[in-house]
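Student: Note that this note's numbering has the sequence shown beginning at 1, numbered continuously upward.
Backbone N, C-alpha and C fix where the C-beta goes; we use that ideal spot for every residue, glycine too.
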Amino acid sequence: MNMNLSLIIRNSIGLFAMSLALAASATEVAVAPVLDRSGLPSLGETWLNGNPYRGNPRAVEVGQSAYKQSCARCHGDDAGSAGGAPAPDLRQLNRYCRSIANPVLQAACMADNDQYFKKTVLQGKTVVGVVHMPPWKDVLIQEDVWAIQTFIESRIGGSGR
Ligand code: HEC
């Protein structure tokens with residue numbers, strides 16, 4: 001009796017883990033965007049510490065295209081505004097920084113936030129072996145990552161976010 005019970009439990013844990021792995025491998029693939037980067041200043045191979053494109057209108061356009069192709073299916077159309085998306089609304093990321101009045105402290109906060117954005121996008125998010133977001137390090141170059149962040153920031157406001 002006890003034997004059977006523990007076997008059943010072991011088997012169902014195994015099945016559960018397998019279905020998680022299958023679900024993850026079926027959907028969490030990093031899809032490379034096809035981009036026209038003309039007009040976007042080249043940044044080279046060495047990663048910068050912060051976003052050099054902030055406020056650049058061409059970066060907003062390139063970033064929008066990259067976001068639509070690679071991020072929207074999880075994070076929502078137009079950077080979260082569609083609602084109901086399975087992944088976090090990325091416009092919220094620098095919300096705390098935006099609330100800081102002191103410009104020096106605010107700049108330091110934004111620099112930290114840029115580092116977090118870059119690191120998270122490159123590494124992806126895996127929680128107890130389940131891929132929540134695939135890594136983008138082999139798919140996006142730094143121009144794309146900063147352009148996407150610039151696009152997301154251009155969509156802040158309006159709806160009170
Ligand atoms: C397959 C779905 C999926 C795709 C595609 C995807 N993400 Fe994510 N992303 C997630 C999930 C889910 C999380 C939350 C993971 C967690 O916290 O465990 C996340 C988290 C993040 C975070 C951290 C958010 C926070 O609040 O800490 C950033 C930044 C991010 N994604 C950026 C991007 C960018 C940029 C793209 C496109 C290049 C992208 N993601 C594509 C699913 C995805």
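What number of angstroms, rounded off, separates the C-alpha of G76 from the C-alpha of A85?
Tutor: As a working mapping, residue 76 is identified with position 76 in the sequence shown. As a working mapping, residue 85 is identified with position 85 in the sequence shown. Whole-angstrom Cα-Cα distance: 5 Å.
Student: Considering only the alpha carbon of each residue, which of N51, N56, Y67 lies closest to L35?
Tutor: The residue given as residue 35 occupies position 35 in the sequence shown. The shortest C-alpha separation from L35 is found at Y67.
Student: Do the region 38 to 57 and the region 141 to 158 meet, that is, are 3 or more Cβ pairs less than 8 Å apart?
Tutor: Segments in contact, yes.
Student: Measuring only between beta-carbons, confirm whether G50 sits less than 7 Å from chain C.
Tutor: In the structure shown, chain C cannot be found, because there is only a single protein chain.
Student: Write down every uninterrupted run of the alpha helix (DSSP H) in the region 55 to 103 whose length is 4 residues or greater and which is fully enclosed by it, in chain order.
Tutor: You should have 57 to 70, 72 to 75, 77 to 80, 95 to 98.
Student: Please work out which residues of its chain come closer than 6 Å, Cβ to Cβ, to V139, disregarding the five sequence neighbours upstream and downstream, and give them in chain order.
Tutor: Taking the sequence shown and counting its residues from 1, one reaches residue 139 at position 139. Within the same chain, V139 has close Cβ partners A30, A32.
Student: Could you have a look at G128 and say whether DSSP puts it in helix, strand or coil?
Tutor: Against the sequence shown, residue 128 aligns to sequence position 128. As written in the sequence, residue 128 is Val, which differs from the Gly given in the question. In the structure shown, V128 sits in coil (DSSP, three-state: anything other than H, G, I, E or B).
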